[in-house]
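What follows is a short report on a single structure.
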Amino acid sequence: MRAKRRRSLAATFALLPTWIAAILVYIGTMIWSVRLSFTDSTIFPSSNYVGFAQYARLFKNSRWLASLENVLIFGVLYVGGCLALGFVLAAALDRKVRFESMFRTIFLYPYAMSFVVTGLIWQWMLNPTLGIQATVRALGWQGFVFDWIVNRDMAIYTVVFAGVWQGAGLVMVIALAGMRGIGEEQWKAAQIDGIPVWRIYLSIILPQLGPALAASGMLLSMGVIKTYDLIVAQTGGGPGYSTEVPAKFIMDNLFERQNLGLASAGATVLVLSVVMAVAPFRYALAMRAGRMGAHR
Amino acid sequence: MTTLAHPRGAKPSRLSVGRIGLYAFLILSALFFLLPLYTMLVTSLKSMDEIRQGHVFALPDTLDFSAWKTAWSGACMGTQCLGVRIGFWNSVKITVPAVVISVSIGAINGYALSLWRPKGSNLLFGLLMAGGLIPYQIFLYPLVRLLADLSLYNSVAGVVLVHVIFGLPLVTLLFRNYFVAIPEELCKAARVDGAGFWRIFLEIMLPMSVPMVMVASIFQFTGIWNDFLIGLVFAGRDNLPMTVQLNNIVNTTMGERTYNMNMAATILTAVVPLAIYFFSGRWFLRGVAAGAVKG
């Protein structure tokens with residue numbers, strides 16, 4: 001009995017650094033930030049509590065409101081675009097094509113690159129004076145206009161392009177793995193019934209990939225809330241506030257505008273939105289994992 | 001990944017319209033995915049005179065490698081013109097220790113949490129998983145103050161520490177799921193033979209988990225190399241990683257932008273994770289899949 005306790009003491013000891021990190025960093029700093037969001041801190045933390053004043057200020061701030069709208073547009077189109085393109089690419093690769101692994105490599109490679117690199121590439125391609133617009137005009141189509149990246153109303157969509165280009169491969173990989181797991185019998189049964197191939201993918205395969213696609217959609221959505229580097233590299237939040245996002249708003253107010261209280265309020269809102277988005281999904285997954293674990 | 005797969009199943013004897021459409025779609029998609037990489041490459045090999053003519057997709061008239069040389073050893077960040085090699089070596093100095101430490105601690109965590117389960121294991125695991133979901137912005141300011149108190153702010157050691165802390169959730173999860181599948185009898189038998197926590201780990205579990213060490217290391221390496229936020233906040237001016245330096249070079253230059261040099265610097269920043277991706281495709285894929293499970 002004593003020997004057993006001593007041995008598990010080693011295990012407890014081994015977990016000590018992680019306990020310290022979890023309590024001090026995950027919980028400690030979070031409480032500290034939430035606390036700051038209720039103070040009037042500017043450059044330095046203050047302990048002058050002002051209730052929800054920073055939150056009121058935040059939701060009157062036009063830049064913050066613009067950032068929320070942008071992240072919503074970006075998020076819906078980016079996640080939707082990645083899921084749709086990824087699924088279609090996976091279905092195409094699932095049709096027993098030649099050079100499948102080459103195509104797969106090509107579709108996924110952007111995912112290995114950083115958001116900074118992704119943003120800079122697209123910034124260059126979309127450059128109105130020297131990029132795609134200039135090239136098409138040089139070919140003789142003088143009136144061609146493709147200046148989205150410097151156009152207030154369209155700039156956010158250029159970030160969506162870049163994002164989908166970077167992330168669609170992830171969905172493709174996950175969806176393809178799911179399709180390979182679907183039994184041959186279902187295919188045979190559907191083909192005997194004379195159902196066209198596209199219909200089989202849409203009505204039979206797609207529903208079965210639900211959980212896998214939901215998991216990748218979740219992963220992408222988490223990325224949406226954290227979106228920062230892509231915007232900084234590609235548009236810098238501009239023109240104007242037209243591509244501003246919450247994560248960037250918080251960073252700017254933390255480190256450039258010395259608005260500690262306001263930034264902390266923004267960060268708290270961000271965390272709350274993650275919790276609300278993820279909690280039900282994670283709970284369901286944990287339940288399922290628990291049941292699967294019991295079967296082992 | 002580098003070898004081409006052989007077509008499986010019965011090959012259609014002739015190309016039907018549907019097959020042609022399928023291949024047309026795949027080839028067009030492949031071109032869409034490759035176009036940015038191609039554009040970067042040709043731009044980096046052109047002279048500025050040629051770039052100003054505005055044929056962004058055209059092949060260079062003459063190959064001009066000078067932009068690559070400037071990007072590596074002469075690109076300016078503010079008044080300091082030492083090229084992206086500074087950021088490259090900073091990234092190496094940050095990434096290598098951060099990967100080694102986070103994978104080691106993650107492996108030990110996964111082992112302890114799955115096969116020993118000391119008191120509080122479930123709570124700790126839950127905290128880690130929750131922590132892995134939270135946007136970093138909420139941790140940043142207090143963490144800056146904390147590291148400043150420890151004299152680690154603006155140092156390589158400080159960034160490494162932050163990367164390790166934020167890498168723990170995923171690496172721990174990977175190893176925990178891996179070790180959970182190992183029969184408990186193995187561990188029990190070793191215990192009966194008198195082997196302790198560390199000996200079982202080093203002599204039995206670690207050798208068994210080499211594939212997972214590979215997956216976790218590749219996942220962490222690309223993630224940390226590609227990081228922007230943590231490097232920006234915690235590294236300090238002298239230790240900025242390559243991604244941050246690249247962004248400063250491209251987005252804060254005064255005067256005319258040297259696009260060829262910018263694109264060369266961008267490729268240089270992407271080349272390390274890309275090389276890892278092309279040469280370790282299978283391991284990379286497993287990491288991606290595991291990351292998806294985490295979500």
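Taken in order, these protein sequences are the chains called A and B. Quick note: the first sequence, position 216, residue 216 per our numbering, numbers continuous. Quick note: the second sequence, position 224, residue 224 per our numbering, numbers continuous. Here a beta-carbon is modelled for each residue, glycine too, at the ideal position from N, C-alpha and C. Bear in mind the structure is a predicted one, so any value in this text is a computation, not a measurement.
(request) State buried or exposed for proline 207 of chain B, treating a residue as buried only when at least 16 other CB atoms are found within 10 Å of its CB. (result) Along the second sequence, one-based indexing puts residue 207 of chain B at 207. Burial call: exposed.
(request) Apply the 10 Å Cβ neighbour rule to asparagine 122 of chain B and answer buried if 16 or more other Cβ atoms are within range, or exposed otherwise. (result) Stepping through the second sequence from its first residue, residue 122 of chain B is reached at position 122. By the 10 Å Cβ count, asparagine 122 of chain B comes out exposed.
(request) Please name the residue, chosen from B:Leu41, B:Thr222, B:Leu143, that lies closest to glycine 158 of chain B on a Cα-to-Cα basis. (result) Residue mapping note: residue 158 of chain B aligns to position 158 of the second sequence, counting from 1. For glycine 158 of chain B, the nearest C-alpha among the options comes from B:Leu143.
(message) Check for me: the alpha helix (DSSP H) holding cysteine 187 of chain B runs from which residue to which?
(response) As a first step, residue 187 of chain B is located in the second sequence; it is residue number 187 there, counting from the start. First-last of the alpha helix (DSSP H) with cysteine 187 of chain B: 184 to 192.
(request) Ignore the nearest five residues each way along the sequence and tell me which others in alanine 71 of chain B's own chain have a CB closer than 7 Å to its CB. (result) Locating residue 71 of chain B in the second sequence gives position 71, counting from the first residue. Within the same chain, alanine 71 of chain B has close Cβ partners Gly83, Val84, Met261, Ala264, Ala265, Leu268.
(request) Could you say which of A:Pro246, A:Met276, A:Ser273, A:Ala277 lies nearest to leucine 262 of chain A if we only look at CA atoms? (result) Position 262 of the first sequence, counted from the start, is the residue given in the question as residue 262 of chain A. Out of A:Pro246, A:Met276, A:Ser273, A:Ala277, A:Pro246 has the C-alpha closest to the C-alpha of leucine 262 of chain A.
(message) Among B:His55, B:Met77, B:Thr43, B:Ala190, whose alpha-carbon lies nearest the alpha-carbon of leucine 246 of chain B?
(response) Here residue 246 of chain B corresponds to residue number 246 of the second sequence, with the count starting at 1. Nearest option by C-alpha distance: B:Met77.
(request) Please confirm if valine 92 of chain B has its CB atom under 9 Å from at least one CB of chain A. (result) Reading the second sequence from its first residue, position 92 is the one you call residue 92 of chain B. No, its Cβ sits nowhere closer than 9 Å to a Cβ of chain A.
(request) Taking C-beta pairs closer than 7 Å, name the residues in chain B that aspartate 229 of chain A reaches, listed in chain order. (result) Mapped onto the first sequence, residue 229 of chain A falls at position 229. Per Cβ cutoff of 7 Å: Phe228, Leu229.
(message) Please list, in chain order, the residues of the segment 24 to 50 of chain B that have any C-beta partner in chain A closer than 8 Å.
(response) Phe25, Leu26, Ser29, Ala30, Phe32, Phe33, Leu34, Leu35, Pro36, Leu37, Thr39, Met40, Thr43
(message) With a threshold of 8 Å, are at least 3 pairs of Cβ atoms found where one atom belongs to the segment 95 to 115 of chain A and the other to the segment 226 to 243 of chain B?
(response) yes
(request) With a floor of 3 residues, list each beta strand (DSSP E) that falls wholly inside the segment 124 to 176 of chain A, ordered by position along the chain. (result) none
(request) Would you verify that the beta carbon of methionine 113 of chain A is, or is not, closer than 9 Å to some beta carbon of chain B? (result) For this step, residue 113 of chain A is matched to residue 113 along the first sequence. By this cut-off, methionine 113 of chain A is an interface position.
(request) Please classify glutamine 191 of chain A: does DSSP put it in a helix, a strand, or coil? (result) Here residue 191 of chain A refers to the residue found at position 191 when the first sequence is read from its first residue. Three-state DSSP puts glutamine 191 of chain A in a helix.
(request) At 7 Å on the CB atoms, spell out the chain A contacts of tryptophan 116 of chain B, in chain order. (result) Taking the first residue of the second sequence as 1, we reach residue 116 of chain B at position 116. Under the 7 Å cutoff, chain A gives Ser8, Ala11.
(request) Return the residue from the list B:Leu232, B:Met40, B:Lys188, B:Glu203 that minimises the CA-CA distance to histidine 163 of chain B. (result) Here the question's residue 163 of chain B lines up with position 163 in the second sequence. Measuring from the Cα of histidine 163 of chain B, the nearest candidate turns out to be B:Leu232.
(message) In whole angstroms, give me the CA-to-CA distance for serine 264 of chain A and isoleucine 250 of chain A.
(response) Residue mapping note: residue 264 of chain A aligns to position 264 of the first sequence, counting from 1. Residue mapping note: residue 250 of chain A aligns to position 250 of the first sequence, counting from 1. If you take the alpha carbons of serine 264 of chain A and isoleucine 250 of chain A, they lie about 7 Å apart.
(request) Give a yes or no on whether 9 Å exceeds the smallest Cβ distance from isoleucine 149 of chain A to chain B. (result) By 1-based counting over the first sequence, the position of residue 149 of chain A is 149. For isoleucine 149 of chain A, the answer is no, since every Cβ of chain B falls outside 9 Å of its Cβ.
(message) Please list, in chain order, the chain A residues whose beta carbon lies closer than 7 Å to that of tryptophan 72 of chain B.
(response) Taking the second sequence and counting its residues from 1, one reaches residue 72 of chain B at position 72. Per Cβ cutoff of 7 Å: no residues; tryptophan 72 of chain B is ~16 Å from chain A at best.
(request) Compute the Euclidean distance between the alpha carbons of glutamine 220 of chain B and valine 99 of chain B, then round it to the nearest angstrom. (result) Counting from 1 along the second sequence, the entry for residue 220 of chain B is found at position 220. Counting from 1 along the second sequence, the entry for residue 99 of chain B is found at position 99. If I take the Cα positions, the gap works out to 6 Å.
(message) Could you check whether the Cβ of methionine 30 of chain A sits closer than 9 Å to any Cβ belonging to chain B?
(response) Against the first sequence, residue 30 of chain A aligns to sequence position 30. Yes, contact with chain B.
(request) Please go through the same chain and pick out, in chain order, the residues whose beta-carbon is closer than 7 Å to the beta-carbon of methionine 214 of chain B, but skip the five residues on each side of it. (result) By 1-based counting over the second sequence, the position of residue 214 of chain B is 214. Only Trp283 meet the Cβ criterion.
(message) Based on DSSP bridge pairs, tell me the residues matched to methionine 77 of chain B.
(response) Numbered from 1 along the second sequence, position 77 holds the residue referred to as residue 77 of chain B. For methionine 77 of chain B, which the question treats as bridged, DSSP gives the partners B:Gln80.
(request) Answer yes or no: the CB of threonine 269 of chain B versus the heavy atoms of the ligand PLP, is any distance below 8 Å? (result) Among the components modelled here there is no ligand, and therefore nothing to report on the ligand PLP.
(message) Check this for me: beta carbons of arginine 176 of chain B and asparagine 248 of chain B, under 9 Å apart or not?
(response) Mapped onto the second sequence, residue 176 of chain B falls at position 176. Mapped onto the second sequence, residue 248 of chain B falls at position 248. No, the Cβ-Cβ distance between arginine 176 of chain B and asparagine 248 of chain B is not below 9 Å.
(message) Quick check: what's the CA-CA separation for phenylalanine 179 of chain B versus alanine 190 of chain A?
(response) In the second sequence, the residue the question calls residue 179 of chain B occupies position 179. In the first sequence, the residue the question calls residue 190 of chain A occupies position 190. In a straight line, the C-alpha of phenylalanine 179 of chain B is about 40 Å away from that of alanine 190 of chain A.
(message) Does the structure place the segment 127 to 140 of chain B close enough to the segment 163 to 172 of chain B that three or more beta carbon pairs sit under 8 Å?
(response) yes
(request) Could you tell me how far apart the beta carbons of arginine 152 of chain A and serine 242 of chain A are, in whole angstroms, since I believe they sit closer than 8 Å? (result) The residue you call residue 152 of chain A lines up with position 152 of the first sequence. The residue you call residue 242 of chain A lines up with position 242 of the first sequence. Contact holds; Cβ gap of about 4 Å.
(request) State the start and end residues of the unbroken alpha helix (DSSP H) segment that holds tyrosine 111 of chain A. (result) Numbered from 1 along the first sequence, position 111 holds the residue referred to as residue 111 of chain A. Counting along the chain, tyrosine 111 of chain A falls outside any alpha helix (DSSP H), and DSSP gives it neither H nor E.
(message) Tell me the rounded alpha-carbon separation between phenylalanine 197 of chain B and alanine 24 of chain B.
(response) Counting from one through the second sequence, the residue named residue 197 of chain B turns up at place 197. Counting from one through the second sequence, the residue named residue 24 of chain B turns up at place 24. One C-alpha to the other measures close to 57 Å.
(message) Once DSSP output is grouped into helix, strand and coil, what is the label at threonine 39 of chain A?
(response) Translated into positions along the first sequence, residue 39 of chain A becomes position 39. Threonine 39 of chain A falls in the strand class under three-state DSSP.
(request) Flag this pair as touching only if the segment 74 to 88 of chain A and the segment 215 to 233 of chain A have three or more C-beta atom pairs under 8 Å; answer yes or no. (result) yes
(message) I'd like to know whether the C-beta of glycine 54 of chain B is nearer than 9 Å to at least one C-beta of chain A.
(response) Along the second sequence, one-based indexing puts residue 54 of chain B at 54. Yes - at least one Cβ of chain A is within 9 Å of the one on glycine 54 of chain B.
(request) Within the same chain, show all residues whose beta-carbon is closer than 6 Å to that of alanine 91 of chain A, passing over the 5 residues directly before and after it, in chain order. (result) Counting from one through the first sequence, the residue named residue 91 of chain A turns up at place 91. Excluding sequence neighbours, alanine 91 of chain A sits near Tyr201.
(message) Less than 7 Å between C-beta atoms, sequence neighbours within five positions excluded: which residues of the same chain meet that for serine 44 of chain B?
(response) Residue numbering aside, residue 44 of chain B sits at position 44 when the second sequence is read from its first letter. The answer, listed in chain order, is Ala67, Trp68, Asn260, Met263, Ala264, Ile267.
(request) Using a Cβ cut-off of 9 Å, pull out every chain A residue sitting near tryptophan 89 of chain B, in sequence order please. (result) As a working mapping, residue 89 of chain B is identified with position 89 in the second sequence. The premise fails here: tryptophan 89 of chain B is roughly 17 Å from chain A at the closest Cβ pair, so nothing lies under 9 Å.
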